[in-house]
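Novice: Following this message is one structure expressed as structure tokens.
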Amino acid sequence: MNDLASADANIQTALLEVISEGVSGGLLVYDKNDQIVFASQHLLSLLPVPKGFLAPGTRLRDFLGAVYDSGGRFVADSTSPRRMLSREDWVAEQIATLWKERADTLERRGTDRWLSFTKRRLPSGYGVSVIRDVSDHKKREEQWRADMERVQITEEVLDHLPFPITVKDRNFTFVAVNKAASRFLGLPVEAVLGHKGSDIHSAKLEKRLDGINRQLFDTGEPVQLADRVTRPDGPDAIIIANKYRIGKPGRYYIVTAMEDITALVGTGDDGREPVLSKDRLQVMEAAFGRHERDMRTDPARDIAEVAGRKVLMVSADAQMEAEASNILATLRLDTSSVSTAAELRLFLKFVKDSRIRMDLIVIDVASDAECMEIARQHDIPTLAVNGLEMMQELASNVVHLLQQKPAEAAENMPEEDWQIDTGVNADGPVIDILVAEDNEVNQIVFSQILEGFGYRYAIAADGEEAVRMWRELSPRLILMDVTLPKLNGFEASARIRSLETIDGSIPIIGVLAHPFDRDRDECFAAGMNDVILKPISPEALEAVFQAYLDIPVKRSYA
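Numbering (my numbering), first residue to last: -16 to 541.
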């Protein structure tokens, strides 16, 4: 009989283990006396407790005490008073939740690990808890939220651009239009999205545009068109349309940016070809100012030289932005405007992704000082102006700067010449790992381990050098000691985070000498992704590289 009872118990244990595997989590069963009846082996990978505390007959109080002592107490919120509970109070609170008929909680362990607890107490007094690691799900959820916020901001920026923008997919169906395009077409956004050009344009216009779009889709060569169109409300309009192909093979899109220049032009002798009207020429001549007239410049020739160049106006003052745009329009420039540093950063990312060259940025001196730094990072010429001197000197200064950098030279410049210098280079990163460490012994340790792994690396001896080498070498990951000279690790990390782009974020791993909570908190507050402790081991670094790099680790050290 004893053998049969033992066999039955073994079968029950095996069955519960199978159930634990089936729910992809740890399974804990306890009786009405709060003693463990069954604990699956999977719990050992979820909770930092010795194996002996999972044995049948162990009191839940002893099991939870071991969890607390091992540093595995759970917190749902980093600001919650539960973090301050004593050992006995915490254990008592956990047992109280286990006696609830049902309880579902999501608890955090450390900085990036989340556990899901499903607790049930049955009428018989037996209780069941299922514990799952849902860290990946939480990360995907947070990434989804960040992506949605980024999309929302991008849509808001596009909707506030002064010119119509439309996007078509490979089936030539409208997949995106901004508010300016909706007004230009005389249709609500919902009436445009999901439709083809043939549903909106006349048959004659659509036939011509279809040929242009297909050629652009096949070749990828940008197209610029000047044409007269009839608005939905009746009057004709003269527009400049710039078309670009963006995306990757198999997922190409056609972006069309249009600008209404009706107020700036007249028509030629054929009654069709747009030309600069005489009245606008006179306005432009006045805008050039006395200094340019004394130099006996030819305004018409200057306009011909700079026409079509792309200029961005940055000003939070709506009246100043309107006046500046009017002056720039007399030069037949392709102008756009933004009002804040955040909009400027997103706008420049948009034009870079769309392979649009920006020739000049005009910045109101009253704007955020960050705007100048953003323009400098993109290596785009800038012109600072204020309202008092705008009418007299803006046109002449813009023409002067654009003539210093002809369009032909700009077209021959490599793309990365105007891209942000804080991301990955076009040819890929120069190194894989940047180590910021001032201690010579630790430098040797890092060198030996990284050479054994086969990574390309460089070592910075202080915080300022770390920031400089990050900009110059574009590493894939930074190991940042927090006690550096000049700039400490926290300051260097914060400096890098303030300079990098949204889509060019680099993993920064803090290197701590002591496991103090305040140091960990400062690391995360400074923008670091994770922390490791000294003394440095190959295993600790390997875990970091596997978590944050997608290149395989190749051990070759003894």
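By construction, the Cβ of each residue, glycine as well, lies at the ideal position given by its N, Cα and C atoms.
1) By a C-beta neighbour count over all protein chains shown, 10 Å radius and 16 as the cutoff for buried, is Thr313 buried or exposed?
2) Report yes if the CB atom of Ser319 is closer than 8 Å to the CB atom of Pro145, and no otherwise.
3) Rounded to whole angstroms, what's the CA-CA distance from Glu447 to Val289? Just pull it up for me.
4) Excluding five sequence neighbours on each side, which residues of the same chain lie with their C-beta closer than 6 Å to the C-beta of Arg478?
5) From the DSSP output, which residues share a beta bridge with Lys151?
6) Which value, in whole angstroms, describes the spacing of the CA atoms of Ile492 and Leu11?
7) Between Trp97, Trp453, Val20 and Gln360, which has its C-alpha nearest Gly40's C-alpha?
8) Looking at the unbroken beta strand (DSSP E) that takes in Ala367, where does it start and where does it end?
9) Looking at Leu329: is its Cβ nearer than 8 Å to the Cβ of Val294?
10) Whether or not the segment 29 to 44 and the segment 72 to 88 are in contact is what I'm after, with contact meaning three or more pairs of Cβ atoms, one per stretch, closer than 8 Å; do they touch?
11) Using three-state DSSP, classify Lys83 as helix, strand or coil.
12) CA-CA distance, Glu306 and Met296?
13) Grouping DSSP H, G and I as helix and E and B as strand, with all else coil, what is Val514?
14) For Met463, count neighbouring Cβ atoms within 10 angstroms of its own Cβ and tell me buried if that reaches 16, exposed if not.
15) Anyone know if the C-beta pair for Leu98 and Val117 falls short of 8 Å?
16) Roughly how many angstroms separate the alpha carbons of Gln426 and Trp453, rounded to a whole number?
17) Roughly how many angstroms separate the alpha carbons of Ser347 and Leu141, rounded to a whole number?
18) Just checking: is the beta-carbon of Val113 within a distance shorter than 8 Å of some beta-carbon in chain D?
19) Helix, strand or coil for Tyr227, going by three-state DSSP, please let me know.
20) Taking 6 Å as the limit between beta carbons, can you name the residues of its chain near Asp502, skipping five residues before and five after?
21) What are the uninterrupted segments assigned as beta strand (DSSP E) that are 3 or more residues long and contained completely in the segment 75 to 126, given in chain order?
22) With burial defined as no fewer than 16 other Cβ atoms inside 10 Å of the residue's Cβ, what is the status of Trp73: buried or exposed?
23) Cutting at 6 Å between CB atoms, please list the residues of its own chain near Glu84, excluding the five before and the five after it.
24) Between Lys231, Ala441 and Leu176, which lies nearest to Arg459 when the distance is taken from Cα to Cα?
25) Identify whether Ser53 lies in helix, strand or coil by the three-state DSSP scheme.
26) Reducing DSSP to helix, strand and coil, say where Phe146 ends up.
27) Just the Cα atoms here: how many angstroms apart are Val150 and Glu90?
Specialist: So, from the listed chains and residues:
1) For the purposes of this step, residue 313 is taken as residue 330 along the sequence shown, with counting starting at 1. Result: buried.
2) Within the sequence shown, residue 319 is the residue found at index 336, counting from 1. Within the sequence shown, residue 145 is the residue found at index 162, counting from 1. Result yes, Cβ atoms of Ser319 and Pro145 sit closer than 8 Å.
3) As a working mapping, residue 447 is identified with position 464 in the sequence shown. As a working mapping, residue 289 is identified with position 306 in the sequence shown. Their backbone Cα atoms lie some 41 Å apart in a straight line.
4) Residue mapping note: residue 478 aligns to position 495 of the sequence shown, counting from 1. Cβ within range, chain order: Val450.
5) If you number the sequence shown from 1, residue 151 lands on position 168. In DSSP, Lys151 forms a bridge with Phe157 and Ile237.
6) On the sequence shown, residue 492 is found 509 positions in, with the first residue counted as 1. On the sequence shown, residue 11 is found 28 positions in, with the first residue counted as 1. If I take the Cα positions, the gap works out to 36 Å.
7) Translated into the one-based positions of the sequence shown, residue 40 becomes position 57. Checked all of Trp97, Trp453, Val20 and Gln360; the closest Cα to Gly40 is Val20.
8) Against the sequence shown, residue 367 aligns to sequence position 384. Unbroken beta strand (DSSP E) run through Ala367: Thr365 to Val368.
9) The residue given as residue 329 occupies position 346 in the sequence shown. The residue given as residue 294 occupies position 311 in the sequence shown. Not a contact, by the Cβ cut-off of 8 Å.
10) yes
11) As a first step, residue 83 is located in the sequence shown; it is residue number 100 there, counting from the start. In this structure, Lys83 counts as coil in the three-state DSSP scheme.
12) In the sequence shown, the residue the question calls residue 306 occupies position 323. In the sequence shown, the residue the question calls residue 296 occupies position 313. Cα to Cα, Glu306 sits roughly 11 Å from Met296.
13) Here residue 514 is taken as the residue at index 531 of the sequence shown, counted from 1. Val514 falls in the strand class under three-state DSSP.
14) The residue given as residue 463 occupies position 480 in the sequence shown. Burial call: buried.
15) As a position in the sequence shown, residue 98 is number 115, starting the count at 1. As a position in the sequence shown, residue 117 is number 134, starting the count at 1. Taking 8 Å as the Cβ cut-off, Leu98 and Val117 qualify as a contacting pair.
16) Within the sequence shown, residue 426 is the residue found at index 443, counting from 1. Within the sequence shown, residue 453 is the residue found at index 470, counting from 1. Their Cα atoms are separated by approximately 17 Å.
17) Translated into the one-based positions of the sequence shown, residue 347 becomes position 364. Translated into the one-based positions of the sequence shown, residue 141 becomes position 158. It should be noted that the sequence gives Asp, not Ser, for residue 347. So the alpha carbons of these two residues sit roughly 21 Å apart.
18) Of the protein chains in the structure, only one exists, and it is not chain D.
19) The residue labelled residue 227 in the question sits at position 244 within the sequence shown. Three-state result, Tyr227: strand.
20) Here the question's residue 502 lines up with position 519 in the sequence shown. Contacts found: Leu495.
21) 85 to 92, 96 to 104 and 110 to 116
22) Within the sequence shown, residue 73 is the residue found at index 90, counting from 1. Flag for Trp73 reads buried.
23) Here the question's residue 84 lines up with position 101 in the sequence shown. Around Glu84: Arg104.
24) Counting from 1 along the sequence shown, the entry for residue 459 is found at position 476. If we check each option's Cα against that of Arg459, Ala441 comes out closest.
25) If you number the sequence shown from 1, residue 53 lands on position 70. Of the three classes helix, strand and coil, the one that applies to Ser53 here is coil, per DSSP.
26) Looking up residue 146 in the sequence shown gives position 163. Three-state DSSP puts Phe146 in coil, outside helix and strand.
27) Taking the sequence shown and counting its residues from 1, the one referred to as residue 150 is at position 167. Taking the sequence shown and counting its residues from 1, the one referred to as residue 90 is at position 107. In a straight line, the C-alpha of Val150 is about 43 Å away from that of Glu90.
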